[in-house]
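Shown next, in C-alpha cells, is the structure this report addresses.
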Amino acid sequence: EVQLVESGGGLVQPGGSLRLSCAASGFTFINYWMNWVRQVPGKGLVWVSRINSEGNNVFYADSVKGRFTISRDNARNTLYLQMNSLRVDDTAVYYCTRGVSGGDWGQGTLVIVSS
Amino acid sequence: IQMTQSPSSLSASVGDRVTITCHASQDVITSLNWYQQKPGKAPSLLIHDASNLETGVPSRFSGSGSGTDFSLTISSLQPEDIATYYCQQFETVPITFGQGTRLEIK
Chain E
273 EVQLVESGGG LVQPGGSLRL SCAASGFTFI NYWMNWVRQV PGKGLVWVSR INSEGNNVFY
333 ADSVKGRFTI SRDNARNTLY LQMNSLRVDD TAVYYCTRGV SGGDWGQGTL VIVSS
Chain Y
24 IQMTQSPSSL SASVGDRVTI TCHASQDVIT SLNWYQQKPG KAPSLLIHDA SNLETGVPSR
84 FSGSGSGTDF SLTISSLQPE DIATYYCQQF ETVPITFGQG TRLEIK
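Chains E and Y, in that order, give the protein sequences.
Sequential numbering of the first sequence, starting at 273, is according to the working numbering.
Sequential numbering of the second sequence, starting at 24, is according to the working numbering.
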C-alpha cells in the first residue's frame, strides 16, 4: 500500500523558515517523480513544486521560486521542502503527491505563518 | 494552463445523474485527473488520464473527454458523494487545478 506521511509543519513567524518532510513507503520511491501541493483551508488546490526521480530536475510555482527548495533522499525514501522567507500567504496545508500525475496524496501538514 | 470547472456548486437529489465539466485553456490531451475531497481529508483520486477509473472507486463514477473539454459524471448520486470535486491537468508544468465543485445533497 502506498503511504505518504508529511511532517514538519507548524507555526512560524513571517520571514522564518521550515523544512517539510514526506516519508514514502509501499512503493519504489526512486522510480517516481514527486510533488508538493498546498491548500489554504477552505480554498482550492495549488501546485507548489516537482522533482524528478533522480533529484536533478526541479520545478517551482512562480509564487515560491527563489524561496522554496524541493529535494529528495532516495536512500531514505524521503521528500523534502525547504521553505525560507515565509510569508503570511504561505499559510496552508502542504501535501506531497506521487508521480507525474500526482495521483497519490499524503494526509498533509499544516503550516501557519503568523506573527 | 487555466482549468475552469462548472458549476462551482451543485445541489442534487440521491439517485440523480450529476455531471461536472472542466475546460482547459490549452490542449492537455488526456493528461487530466479528477479528485474527490471530503472535509478535513486529502484529495482522493477518482479518475486518471481523463477516463480511467481508479482502482476501488465505485463504478457510478466515470470520466470522459480529451483535448480541452472534460466531464465527470456520477450516474446515481449517493449520500456519501457529498464532497468537493477538482479536475487537474498534468500535461504541462505548472500543474493546475480547477477551482472545485462543491456537491451537496438536496
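For every residue, glycine included, the Cβ atom is placed at its ideal position computed from N, Cα and C.
Only a predicted model underlies this, so the values are computations on that prediction, with no experimental measurement involved.
Rounded C-alpha distance that separates D345 of chain E from S89 of chain Y: 36 Å
Y367 of chain E beta carbon less than 8 Å from that of V274 of chain E: no
Residues bridged to A47 of chain Y (per DSSP): Y:M26
Continuous beta strand (DSSP E) stretch holding G86 of chain Y: start and end: F84 to S89
Where the beta strand (DSSP E) containing S321 of chain E begins and where it ends: L317 to I323
Within chain Y, partners of L382 of chain E - CB distance below 8 Å: The contacting residues do not exist; L382 of chain E stays about 11 Å from chain Y at best.
Reference E278 of chain E; option with closest CA among E:S386, E:A364, E:T381 and E:V385: E:T381
Any C-beta of chain E under 8 Å from that of G38 of chain Y: no
Bridge partners - G282 of chain E, DSSP secondary structure assignment: E:V383
Contact set between Y367 of chain E and chain Y, taken where Cβ atoms lie within less than 7 Å: A65
Contacts that V330 of chain E makes with chain Y (C-beta to C-beta distance below 7 Å): Simply none; closest approach about 10 Å.
Where the beta strand (DSSP E) containing L95 of chain Y begins and where it ends: D92 to I97
P33 of chain Y versus Y:M26, Y:T44, Y:I24 and Y:Q25, residue with shortest Cα-Cα distance: Strictly speaking, residue 33 of chain Y in this sequence is Leu, with Pro absent from that position. Among Y:M26, Y:T44, Y:I24 and Y:Q25, the Cα nearest to that of L33 of chain Y is on Y:T44.
Interface residues of the stretch 95–115 of chain Y facing chain E [CB-CB below 8 Å]: Y109, Q111 and F113
N75 of chain Y versus C110 of chain Y - alpha carbon distance: 14 Å
Nonlocal neighbours in the same chain, by C-beta distance under 8 Å from D118 of chain Y, ignoring five residues either side: This sequence places Ile at residue 118 of chain Y; Asp is not what is there. Once the five neighbours on either side are set aside, the close Cβ partners of I118 of chain Y are Q111 and Q112.
Test item: CB-CB of Q60 of chain Y and T107 of chain Y under 8 Å: yes
Among Y:T115, Y:R83, Y:A47 and Y:V116, nearest to Q101 of chain Y - alpha-carbon criterion: Y:R83
For K129 of chain Y and L343 of chain E, the rounded distance between their alpha carbons: Note on residue identity: the sequence assigns Ser, not Leu, to residue 343 of chain E. Going from the Cα of S343 of chain E to the Cα of K129 of chain Y covers about 46 Å.
Members of the stretch 349–376 of chain E that neighbour chain Y once the beta carbon cut-off is set at 8 Å: Y367, V372, S373, G374, G375 and D376
Boundaries of the beta strand (DSSP E) in which S289 of chain E is found, first to last residue: Unbroken run through S289 of chain E: none, as it is neither H nor E.
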